[in-house]
Every structure is written in structure tokens, then in C-alpha cells.
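A.B. asks:
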Amino acid sequence: MSTENSDLSSQPTSFQADCMASIKERFTTEGFSKGARELLSASWRKGTKKDYCSKFKKFNTWCCTRKVDPHKISLSQIADFLSYLFDSGLQYRTIAGYPSMLPTVYPPIDNFQIGQHPKIIGLIKGVFNTRPPVAKLLPECDLHIVLRMRCSDLQALRTDESSMRIQTKGITFIRHGLAKQDREKHFGAKIFVPTYTENTSLDPRKCLFQYLDKTKPLRKKLQQDQRGKLFLALCEPHKPVTSQIISHWIVQIIKQAYSDSESSGKRKIHAHSTRANILALLWHFFKAASINSILESADWSSESTFSRFYLRELDVNVLQKID
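The number in our numbering is simply the position in the sequence shown, starting from 1, with 25 added.
#1: Going by alpha carbons, who is nearest to S113 out of L227, R190, V152, L182?
#2: Thinking Q138 and P128 are a contact (beta carbons under 8 Å), I'd like their distance in whole angstroms, please.
#3: Quick check: what's the CA-CA separation for P219 versus A181?
#4: Quick one: residues in its chain with C-beta nearer than 6 Å to the C-beta of G140, no 5 flanking neighbours on either side, listed in chain order?
#5: Taking the CB atoms as reference points, tell me whether I149 and H142 lie closer together than 8 Å.
#6: How about T184 and L110: are their beta carbons less than 8 Å apart?
#7: Could you name the residues that DSSP lists as bridge partners for F52?
#8: Applying the 10 Å Cβ sphere with the 16-neighbour rule, what's the burial state of K49?
#9: So the candidates are C88, F57, K74, P265; which of them puts its Cα closest to the Cα of S177?
#10: With distances taken from CA atoms, which of V276, Q248, V159, R230 is nearest I191?
#11: Determine contact between the region 88 to 107 and the region 66 to 75, defined as no fewer than three beta-carbon pairs at a distance below 8 Å.
#12: When DSSP labels each residue in this structure, what does T354 get in the three-state scheme?
#13: Which residues in the same chain as Q367 place their Cβ atom closer than 7 Å to its Cβ, once the five residues preceding and following it in sequence are excluded?
#14: How long is the line joining the alpha carbons of C98 and G60, rounded to whole angstroms?
#15: Mind listing, in chain order, the continuous alpha helix (DSSP H) runs of no fewer than 4 residues lying wholly within the region 79 to 116?
#16: In terms of DSSP beta bridges, what is P219 paired with?
#17: Rounded to the nearest angstrom, what separates D94 and K75 at their Cα positions?
#18: From the DSSP output, in three-state form, read off I259 for me.
#19: Does DSSP classify R156 as helix, strand or coil?
#20: In three-state DSSP terms, what is L344?
#21: Below 8 Å between beta carbons: does that hold for L64 and F52?
#22: Apart from the five residues on each side of it in sequence, which residues of its chain come closer than 6 Å, Cβ to Cβ, to Y221?
#23: At which residues does the alpha helix (DSSP H) containing R70 begin and terminate?
#24: Under the three-state reduction of DSSP, which class applies to F137: helix, strand or coil?
#25: CB of K144 to nearest heavy atom of the ligand NAP: below 7 Å?
#26: Between which two residues does the alpha helix (DSSP H) carrying T240 extend?
#27: Just the Cα atoms here: how many angstroms apart are H96 and L259?
#28: For I196, does the count of other Cβ atoms within 10 angstroms reach 16, so buried, or fall short, so exposed?
#29: Does the separation of the CB atoms of F198 and I216 fall below 8 Å?
#30: By the three-class DSSP mapping on this structure, what secondary structure does P132 have?
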């Protein structure tokens with residue numbers, strides 16, 4: 026197959042505007058059975074499928090507006106499309122994602138997958154050199170956006186014996202279903218919540234016992250598949266909550282904690298450490314940002330400053346293990 030003149034004529038005659046439909050059609054023409062096609066399609070997570078479909082829609086629109094036959098797309102036309110994305114002002118990381126999407130729909134060119142073709146690799150390098158990614162300091166983040174990444178893990182927690190074990194030292198949860206970070210060799214990680222003996226009113230283990238006792242009558246009224254969910258809605262009919270609700274709960278508690286501490290004078294927020302900046306640093310820490318990045322952003326000289334003033338009761342040695 027030549028670089029410029031060969032087309033992708035092996036593509037189905039009815040080109041689909043929907044990415045996943047086009048992928049399934051390609052699997053069909055390649056001779057895969059229905060069962061094999063379904064498993065191949067399931068190899069992409071929901072988020073990946075959504076991302077690919079969005080990119081494919083943009084590519085399909087580009088083909089239509091330029092009267093380019095998507096069945097006979099050439100390497101030079103793919104390069105023109107990537108150049109169009111660059112001229113549209115898109116950043117390097119966004120453009121670099123498109124060569125990963127195209128091979129799912131189109132077969133190799135010159136025995137190279139599209140994203141691995143030397144010409145495409147060179148073009149992407151050109152994008153990087155011309156418009157390199159901008160290194161940003163930790164921004165003032167939107168707590169709702171940050172929390173949404175992990176609230177799905179909390180929303181998936183269950184109370185049945187196979188999912189939760191209450192021990193003297195704390196509570197162990199096993200998350201059911203796949204998390205965003207789960208892979209073939211990394212999944213089913215346990216979540217351990219330790220007890221807090223210094224203040225029983227803040228002890229998660231004690232709170233869990235009380236919560237399960239209070240919600241026991243409510244769970245009996247739910248459907249069988251809903252009773253095992255840990256977190257239930259505050260309002261009737263008290264069904265299991267969504268990750269968005271959990272995110273809202275956490276944000277409101279944090280805001281209330283800072284508001285109460287400021288009004289009572291227990292903690293003063295100075296001009297050089299505004300509430301937004303403190304929360305941004307804390308949440309970037311909990312979403313696994315490098316401790317060195319946090320220190321540089323806050324202009325702190327050592328981990329002990331972060332631990333002493335913003336992560337009370339946390340051993341500095343814990344921070345040193347993060348990087």
C-alpha cells in the first residue's frame with residue numbers, strides 16, 4: 026500500500042458517522058464472529074469510547090466539509106486533518122490523541138498503524154516543537170471536578186459480607202466493578218479506613234455502626250439490589266446516592282468546616298494562604314500530585330510545613346513516600 030495514492034478501500038461501503046458502529050463494521054469485514062466483535066468492542070472503557078466518538082465525529086465532519094471520501098482517505102489527507110487541528114488552535118496533547126483513535130477504524134498504511142507511521146510521528150513531533158505544552162503550577166481547582174474522580178469509588182461501596190469487613194483497627198472495603206484506574210494486573214484494590222481513637226465522635230468505625238443501625242429500616246424498603254449500597258439519600262425514598270451527591274456532601278462539609286473555624290477564630294486564613302489556594306493544594310495532594318510540585322507552588326521549603334499546618338496528624342514520612 027503506497028503512502029499517497031493507496032486508499033483504505035478495504036473499508037465497508039457504508040461509512041458510519043458513529044465511531045463504534047464503524048469499528049464494528051470493520052470487525053465484520055475482517056471476519057470476526059458476533060461474539061468476538063462484542064468482546065473486542067468491550068476492550069474500550071466507557072470514557073475511551075466517548076473520547077473516540079467525539080474525535081471521530083470531528084474527523085468525519087472535516088471529511089464532509091472538504092468533500093473527502095472517508096473510504097479512500099490517504100496518509101496525506103490524515104496529515105492535513107491533523108494540520109487543521111493545529112491551525113484551529115488545539116494543543117499538543119489533544120492533537121496527539123487523534124492518531125490513537127484512527128487505527129480503530131482504519132487498517133494500516135504502509136504496514137504501519139496510522140499512529141505509528143513515521144510521517145505521522147514526525148508531524149506530531151512538529152506540533153510538540155511548535156506549540157509545546159505549557160507547564161502549569163497547581164491551579165485553584167474546582168472541588169466538584171476533582172472530587173468526581175474518586176467519588177465513584179465511594180458510591181460503589183457496599184455493606185454485604187463480601188464487600189465490607191469491620192475490624193478493631195478499622196474498616197476494609199472491597200470495591201466492586203471497575204474503577205477508572207483498574208487494569209488487568211491492577212484491580213480490586215482494598216480500601217482501608219482506620220479507626221480514630223483520640224476522638225470517638227470522629228471515629229469512622231463508630232460512625233459506621235451508628236449509620237448502619239439508623240438506615241437498617243430504610244434498607245428493608247429498597248429493592249434487593251439496592252439494599253447493599255453503603256450511602257443512601259437523605260430524602261425519601263432513600264435510594265442509593267450518585268457520585269455527584271457524594272461530591273456535593275464532601276464539598277459542603279469542607280466549606281462548612283472552614284466557615285466555622287473562621288467565624289470562631291480557631292483558624293485564621295491569611296492573605297498569603299487563601300481558602301481557595303489551601304483547598305487546591307490539599308486536593309491536588311489527595312489526587313496524587315507530586316509533593317515537590319505542591320511545595321514549589323506554595324513556595325514551601327520542606328514537607329513539614331505542609332504537614333504541620335495543612336495535614337494535621339499526618340506523619341511527614343508519609344509524604345516522602347508519595348513521589
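Note that the Cβ used here is the ideal one computed from N, Cα and C, for glycine as well.
C.D. replies: In terms of the structure at hand:
#1: V152
#2: 4 Å
#3: 19 Å
#4: P124, S125, P128
#5: no
#6: no
#7: BP columns for F52 are empty, so no partner.
#8: The residue in question, K49, is buried, as its Cβ has 16 or more Cβ neighbours within 10 Å.
#9: Sorting C88, F57, K74, P265 by C-alpha distance to the C-alpha of S177 places P265 at the top.
#10: Residue R230 is the option with its Cα nearest to I191.
#11: no
#12: Shown here, the chain extends from 26 to 348; a query on residue 354 therefore has no answer.
#13: Nothing in the structure corresponds to residue 367, since the chain is present only between 26 and 348.
#14: Note on identity: in this sequence residue 98 is Ile, with Cys being the wrong assignment. Computed Cα separation, rounded: 29 Å.
#15: 100 to 112
#16: G195
#17: 24 Å
#18: The question names Ile, but residue 259 in the sequence shown is Leu. In this structure, L259 counts as coil in the three-state DSSP scheme.
#19: Three-state DSSP puts R156 in coil, outside helix and strand.
#20: Its pLDDT being 40, under 50, L344 is placed unreliably by the model, and the measurement read from it follows with that caveat. Three-state DSSP puts L344 in a helix.
#21: no
#22: L227, D228
#23: Note, R70: premise wrong, no alpha helix (DSSP H); not H, not E.
#24: In the structure shown, F137 falls within a strand segment according to DSSP collapsed to helix, strand and coil.
#25: For the ligand NAP, the structure offers nothing, since it holds no ligand at all.
#26: 229 to 245
#27: 54 Å
#28: Under the 10 Å beta carbon count, I196 is surrounded by 16 or more other beta carbons and is classified as buried.
#29: yes
#30: coil
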